[in-house]
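Trainee: I'd like to ask you about the structure that follows.
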Ligand code: EPZ
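Numbering (my numbering), first residue to last: 13 to 453.
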């Protein structure tokens, strides 16, 4: 028996109800924000996923006391201190969140050490915007073979910075640094994803002064100290969309408790265009969205991934599995990451007909056109999917493999399935709750 392999008996629709909790891409950043407060912070609804474990480990190494509390976490930063580099390096290569420790550690300690980053291999994922912004605040960055050493010999000062692209992480870097820098910071071409707005809400609760203007401009007035926060995070709209696509691809019916319409409007438009049905329950206690396949044939669509309020790059992979079941030619132009279509090879081995192209198949301005990146796909459907042995390539691509295995006729083996734990809490139990026939092989 291998613990990292899932044996999937496909071909049966998924039916039932599951719950999504705090968004992975907010919770991990909210945990870093707790470092900025002088008093304890309380974060509700924290999912048990790998990224949370990594950030918790790093916080504890820096002296933050972390305790569990009714499905959430409490962070006490009273004794923040320097951590041993060897101990920090245990977390090297495991997540991208450590880069966001720069500003908070510089404010608290005057120096920071950041290990090599991890995360999914979906493009080069450089950190040039982060480092350029930090240098403008006054940080001195020393790149060593072990990792990054940062200091701020003259303190951190507000600045004007324009991002070359509305990067989520770099926007968070600027926010987490500017809130306690001296003076005013103006960030242009900022990302405005719902997870970023929720992080701004947290920082505001801590005492920060942040104005979100139109046209991607964020202005931050630095303050000398911040207090702890108490916050219930927005729920995971990436996970919710993944289960919605699983319902569509398996001709099933899944209610995702906790899913919020307001964060998923662009997804819901595409879901409707493809032929999926949904129903929103916005009652305060048990709200959520029911997603189902209403019968009949799904329709092909053309879509381009983009920064918010566009169609999220993380929604693309699960949706493509459903598109293999739609009649006609669907077109997907991925404009956020240059290498986020590699997972389609495995779908082709299962019987899908997906061709990938270097050209931009769409009109959204894109950084990858006429370069050597296969970042557009044409999907011809419907295709009958059959079982295969699959190796999980990355988080979202991996979940799409899992959906394909559930939709396919026959028994598939999905190798490296534990990687899915990085972003999907308890997915084995959720699969069981939805009636999936799957077991650890
Ligand atoms: C966040 O990654 C998410 N991760 C990603 O989700 C998500 O796909 C992405 O935002 C876009 O929404 C987390 O929040 C932990 P970016 P992030 O900086 O912040 C380029 C998932 O599966 N860029 O917005 O790392 C970069 O290469 C993950 O949950 C630079 O060129 O993404 C990319 O092409 C995967 N230089 C684009 O910007 C930089 O310094 C957008 O990246 C920074 C980014």
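Yeah, the Cβ is synthetic: ideal placement off N, Cα and C, and Gly gets one too. All values derive from a computational prediction rather than experimental measurement.
Use the C-beta contact count for residue 97: other C-beta atoms within 10 angstroms, 16 or more gives buried, fewer gives exposed.
Mentor: Against the chain shown, residue 97 aligns to sequence position 85. The residue is exposed, with fewer than 16 neighbouring Cβ atoms inside 10 Å.
Trainee: Contact defined as beta carbons within less than 8 angstroms: I believe residue 104 pairs with residue 81. What is the distance between those atoms, to the nearest angstrom?
Mentor: If you number the chain shown from 1, residue 104 lands on position 92. If you number the chain shown from 1, residue 81 lands on position 69. Their Cβ separation, rounded to whole angstroms, is 29 angstroms, which puts residue 104 and residue 81 out of contact at 8 angstroms.
Trainee: Let me confirm a value: residue 436 is counted as buried when at least 16 other C-beta atoms fall within 10 Å, else exposed. Which label applies?
Mentor: For the purposes of this step, residue 436 is taken as residue 424 along the chain shown, with counting starting at 1. Buried: at least 16 other Cβ atoms inside 10 Å.
Trainee: Kindly indicate which three-state DSSP category residue 47 falls into: helix, strand or coil?
Mentor: As a working note, residue 47 is residue 35 in the chain shown. Residue state, collapsed to three classes: helix.
Trainee: Return yes when the C-beta of residue 138 is under 7 angstroms from any heavy atom of the ligand EPZ, and no when it is not.
Mentor: On the chain shown, residue 138 is found 126 positions in, with the first residue counted as 1. Result yes, Cβ under 7 angstroms from the ligand EPZ.
Trainee: If I measure Cβ to Cβ from residue 323 and keep anything under 8 angstroms in the same chain, skipping five residues before and after, which residues do I get?
Mentor: Within the chain shown, the letter at position 311 stands for residue 323. Closer than 8 angstroms at Cβ, skipping near neighbours: 278, 279, 282, 315, 316, 317.
Trainee: Name the DSSP bridge partner or partners of residue 402?
Mentor: The residue labelled residue 402 in the question sits at position 390 within the chain shown. Looking at the DSSP assignment, residue 402 forms a beta bridge with 426.
Trainee: When we look at the beta-carbon of residue 167 and count the other beta-carbons within 10 Å, is it buried (16 or more) or exposed?
Mentor: Taking the chain shown and counting its residues from 1, the one referred to as residue 167 is at position 155. Exposed, by the Cβ-count rule.
Trainee: So, do the segment 394-405 and the segment 413-426 have three or more beta carbon pairs nearer to each other than 8 angstroms?
Mentor: Contact holds: three or more Cβ-Cβ distances are below 8 angstroms.
Trainee: Going by beta carbon distance, what residues of the same chain come within less than 6 angstroms of residue 135, once the five residues before and after it are set aside?
Mentor: Start at 1 with the first residue of the chain shown, and residue 135 comes out as number 123. Same-chain partners within the cutoff: 349, 350, 351.
Trainee: Apart from the five residues just before and just after residue 445, which ones in its own chain have a Cβ nearer than 8 angstroms to its Cβ?
Mentor: Translated into the one-based positions of the chain shown, residue 445 becomes position 433. So the list reads 28, 29, 30, once near-sequence residues are dropped.
Trainee: Can residue 1 be considered in contact with the ligand EPZ, in the sense that its beta carbon sits closer than 7 angstroms to one or more heavy atoms?
Mentor: This structure gives no information on residue 1, because the portion of the chain shown stretches from 13 to 453.
Trainee: Taking DSSP as the reference, what is the three-state secondary structure of residue 285?
Mentor: Locating residue 285 in the chain shown gives position 273, where the first residue counts as 1. Reduced to three states, the DSSP call for residue 285 is helix.
Trainee: At 4 residues or longer, what runs of the alpha helix (DSSP H) sit wholly inside the segment 251-337?
Mentor: You should have 277-286, 325-335.
Trainee: How many angstroms separate the CA atom of residue 455 from the CA atom of residue 175?
Mentor: Residue coverage of the chain in this structure runs from 13 to 453, which leaves residue 455 outside it and unanswerable.
Trainee: Taking Cβ to Cβ, would you say residue 87 is nearer than 8 angstroms to residue 46?
Mentor: Within the chain shown, numbered from 1, the residue matching residue 87 stands at position 75. Within the chain shown, numbered from 1, the residue matching residue 46 stands at position 34. Contact: yes.
Trainee: Would you mind reading off the limits of the beta strand (DSSP E) that contains residue 394?
Mentor: Taking the chain shown and counting its residues from 1, one reaches residue 394 at position 382. Looking at the DSSP string, residue 394 is not in any beta strand (DSSP E), and its letter there is neither H nor E.
Trainee: Do residue 325 and the ligand EPZ come close, with the Cβ less than 7 angstroms from some heavy atom?
Mentor: Position 313 of the chain shown, counting from 1, holds the residue named residue 325. Answer for residue 325: yes, Cβ within range of the ligand EPZ.
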